[in-house]
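Since the structure comes first, as structure tokens, the remarks are kept for the end.
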Amino acid sequence: MENRDKFAGMNSIKFNQYFKTEDDCIRYIADIKWEEGYTCRNCGSEKYIKGSKPHNRRCLKCKYNESPTAGTMFDKVKFSLLVAFHIIFKIATKKKGMSTLELSREFDLRQKTCWSFKWKIQEAMQSSLQHPLTGEVHVDEFWIGGPEEEKRGRSLGNKKMIVIALEVMDKGVGRAYAEIIEKANSKELGSFMKKHIDKKARIVTDEWRGYLPLKKEYPNLEQHKSEEGKNFKDIHIHIMNMKGWLRGIHHHCSKEHMQGYLNEYHYRYNRRNHLGTTFDLLLKRMVKNKPSRIKSTN
Ligand SMILES: [Zn+2]
Numbered sequence: 393m394e395n396r397d398k399f400a401g402m403n404s405i406k407f408n409q410y411f412k413t414e415d416d417c418i419r420y421i422a423d424i425k426w427e428e429g430y431t432c433r434n435c436g437s438e439k440y441i442k443g444s445k446p447h448n449r450r451c452l453k454c455k456y457n458e459s460p461t462a463g464t465m466f467d468k469v470k471f472s473l474l475v476a477f478h479i480i481f482k483i484a485t486k487k488k489g490m491s492t493l494e495l496s497r498e499f500d501l502r503q504k505t506c507w508s509f510k511w512k513i514q515e516a517m518q519s520s521l522q523h524p525l526t527g528e529v530h531v532d533e534f535w536i537g538g539p540e541e542e543k544r545g546r547s548l549g550n551k552k553m554i555v556i557a558l559e560v561m562d563k564g565v566g567r568a569y570a571e572i573i574e575k576a577n578s579k580e581l582g583s584f585m586k587k588h589i590d591k592k593a594r595i596v597t598d599e600w601r602g603y604l605p606l607k608k609e610y611p612n613l614e615q616h617k618s619e620e621g622k623n624f625k626d627i628h629i630h631i632m633n634m635k636g637w638l639r640g641i642h643h644h645c646s647k648e649h650m651q652g653y654l655n656e657y658h659y660r661y662n663r664r665n666h667l668g669t670t671f672d673l674l675l676k677r678m679v680k681n682k683p684s685r686i687k688s689t690n
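Count along the sequence shown from 1, add 392, and you get the number used in this note's numbering.
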């Protein structure tokens with residue numbers, strides 16, 4: 393069934409040749425939307441005729457005229473689809489993505505407009521939860537946005553605690569996920585691990601007591617002395633890099649917004665060796681996922 397033409401690669405000249413007009417973009421969206429066949433959004437019928445505009449489809453039964461963007465994250469976007477595709481391409485393929493300030497300069501849009509679109513992209517970047525981490529997985533927590541002396545207290549003010557899990561291999565590291573938590577207790581650490589780590593994984597944490605009760609659910613959980621981080625070198629490098637990136641883009645952002653950035657960071661990070669396919673994947677998610685109901689205020 394999957395025979396639509398997909399854009400792949402990171403070459404912006406090729407991207408510009410592939411998507412030249414608004415029609416190129418709307419056709420691409422239509423191809424994704426109906427790649428498994430057509431079903432009327434209104435009545436569920438599977439028969440259609442041409443709609444009122446190119447690429448629209450009109451239900452034969454109830455006459456509902458559907459545009460490719462209806463019911464997708466591209467619904468009611470305030471600028472052209474060509475600009476939207478360019479933004480998605482940059483965010484998907486640039487190593488560090490692009491801040492809303494950079495986007496607003498490059499595409500001549502208000503920063504607020506860029507922010508609400510980027511928020512949708514970040515939503516599409518959240519983990520599908522279909523591929524939990526496996527093998528050896530290191531787990532740790534850290535603070536962001538405030539003095540860092542304290543450890544494991546309650547999240548206060550603008551400071552946020554983040555739990556992170558990283559696959560550690562013989563040579564190098566694999567994928568990673570991170571989430572904001574209120575407290576480093578077994579309930580919150582456990583719910584993060586349940587979402588993102590395979591039950592059979594060999595999990596390595598430091599000796600924090602919050603992890604102790606989780607040994608029941610994760611028989612392969614081991615607690616090692618941190619030795620001032622020596623035993624957790626890989627995860628500390630990951631944290632350092634992520635903090636550097638976050639510092640560059642966020643100042644005062646809410647919990648939800650911060651989670652969006654963590655999702656964005658790891659969407660790219662987990663696909664760092666095949667960034668050429670991330671544009672199509674991201675676009676597909678933005679077409680298939682329901683439009684965001686969250687109003688951005690940042
Ligand atoms: Zn219908």
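No residue lacks a Cβ here, since even glycine has one placed at the ideal position from N, Cα and C. None of the values given here were measured: they were computed from a predicted structure.
#1: Shortest alpha-carbon distance to ASN612 belongs to which of ASP598, LYS591 and ILE573?
#2: Of the choices CYS417, VAL565, GLY582 and ASP397, whose alpha-carbon is the least far from that of ILE480?
#3: If you drop the 5 nearest sequence neighbours on each side, which residues of the same chain put their C-beta closer than 6 Å to that of PHE584?
#4: Give me the Cα-Cα distance between ALA557 and GLN518, rounded to the nearest whole angstrom.
#5: Could you compute how far the alpha carbon of ASN408 sits from the alpha carbon of LEU474?
#6: Taking 6 Å as the cut-off, is the C-beta of SER578 nearer than that to any heavy atom in ligand 1?
#7: Under 6 Å: does the beta carbon of TYR430 sit that close to some heavy atom of ligand 1?
#8: Nearer than 6 Å: is that true of the beta carbon of CYS506 relative to any heavy atom of ligand 3?
#9: State the start and end residues of the unbroken beta strand (DSSP E) segment that holds THR461.
#10: Taking the C-alpha atoms as reference points, what is the distance between TYR603 and HIS666?
#11: For a test of the three-state rule: what should DSSP assign to VAL555, helix, strand or coil?
#12: Look up ALA409 in the DSSP assignment and say whether it is helix, strand or coil.
#13: Could you tell me how far apart the beta carbons of MET490 and GLY668 are, in whole angstroms, since I believe they sit closer than 8 Å?
#14: Are there three or more Cβ pairs, one per stretch, closer than 8 Å when the segment 419 to 427 is compared with the segment 452 to 468?
With the structure as the only source:
#1: LYS591
#2: CYS417
#3: VAL555 and GLU571
#4: Looking at the two C-alpha atoms, the distance is approximately 15 Å.
#5: Taking the straight line joining both Cα atoms gives about 10 Å.
#6: no
#7: no
#8: Inclusion of ligand 3 in the displayed structure is not the case, the ligand content consisting of ligand 1 alone.
#9: Careful: THR461 lies outside any beta strand (DSSP E) and carries neither H nor E.
#10: 34 Å
#11: strand
#12: Note on residue identity: the sequence assigns Gln, not Ala, to residue 409. DSSP places GLN409 in helix when its eight states are reduced to three.
#13: Going by Cβ atoms, the distance from MET490 to GLY668 rounds to 18 Å, so no, they are not a contact pair.
#14: Judged by Cβ distances under 8 Å, the segment 419 to 427 makes contact with the segment 452 to 468, as three or more pairs qualify.
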